[in-house]
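Reading the sequence shown from the start, the letters are residues 171 to 339 in my numbering. Backbone N, C-alpha and C define an ideal beta-carbon position, used for all residues, glycine too. Please read all numbers here as calculations on a predicted model, not as lab measurements.
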Amino acid sequence: MSEDSLTRTVYHECGHAITAILLGGEIDLLTIEPEEEDELPGRTGEIRVVWPEGRWSEAELAVREIKVALAGPMVEMIYDGTQFAPEFLEEWHYDWQLAVDRANEFLPRNKSVAQHLARFAHELLTFFERDDVWAAVAALADELEAHQSLEPEDVDEVLAAWPIDRDWK
């Protein structure tokens, strides 16, 4: 993997992680060295989020999962300075498909799935372009790139040094 591709992957995974934490999830794994025998071969990064049981309805949890899925591609786009439609890039296929599946299952039918996902993508782009948020992303990305994998307490330690105004949900 090229240096630029590696850094893009790092930022992508950090976008997932920060969004999950801010939405009430806990990071179980954050790595750019996923296991080979994984059900999704060819991936260059992996995050596992644990959601507290019984805290949200299935629809509320689905919205959180959708935002976490879309956050990786949105952060990668900001890092790259590009604007791709997530559904058209192969490396974002898993994230996009997860978002579509959860939206089809749980979001209201008053809007199309594409409209719901476009709204979430816009919210995420706006959120991650904030200086306080981008500073936290960059700090976490530096640590992940340096160590390849971070334990939950490592993630917490980095983010504690970069407080994010948590007015976004």
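Check	Outcome
Cβ shell of residue 322 (< 7 Å), same chain only, five flanking positions each side left out	196, 197, 198
Residue 218: first and last residue of the uninterrupted beta strand (DSSP E) it sits in	216 to 220
C-alpha distance - residue 320 paired with residue 241, whole-angstrom precision	19 Å
Opening and closing residue of the beta strand (DSSP E) in which residue 198 lies	196 to 201
Close Cβ partners of residue 179 (< 6 Å) along its chain, the five nearest in sequence each way excluded	202, 214, 215
Spatial distance of residue 205 from residue 276 (CA atoms)	31 Å
Cβ neighbours of residue 286 in the same chain (closer than 6 Å, five flanking residues each side left out)	273, 277
Opening and closing residue of the alpha helix (DSSP H) in which residue 175 lies	173 to 192
Residue 277 in three-state terms, based on DSSP	coil
Residue 340: first and last residue of the uninterrupted alpha helix (DSSP H) it sits in	Nothing in the structure corresponds to residue 340, since the chain is present only between 171 and 339.
CA nearest to the CA of residue 289, picked from 217, 185, 252, 233	233
Residue 239 beta carbon near the ligand GDP (any heavy atom closer than 8 Å)	For the ligand GDP, the structure offers nothing, since it holds no ligand at all.
Length at least 4, wholly inside the region 255 to 336: the alpha helix (DSSP H) runs in chain order	263 to 276, 283 to 298, 301 to 317, 322 to 330
For residue 227 and residue 185, the rounded distance between their alpha carbons	24 Å
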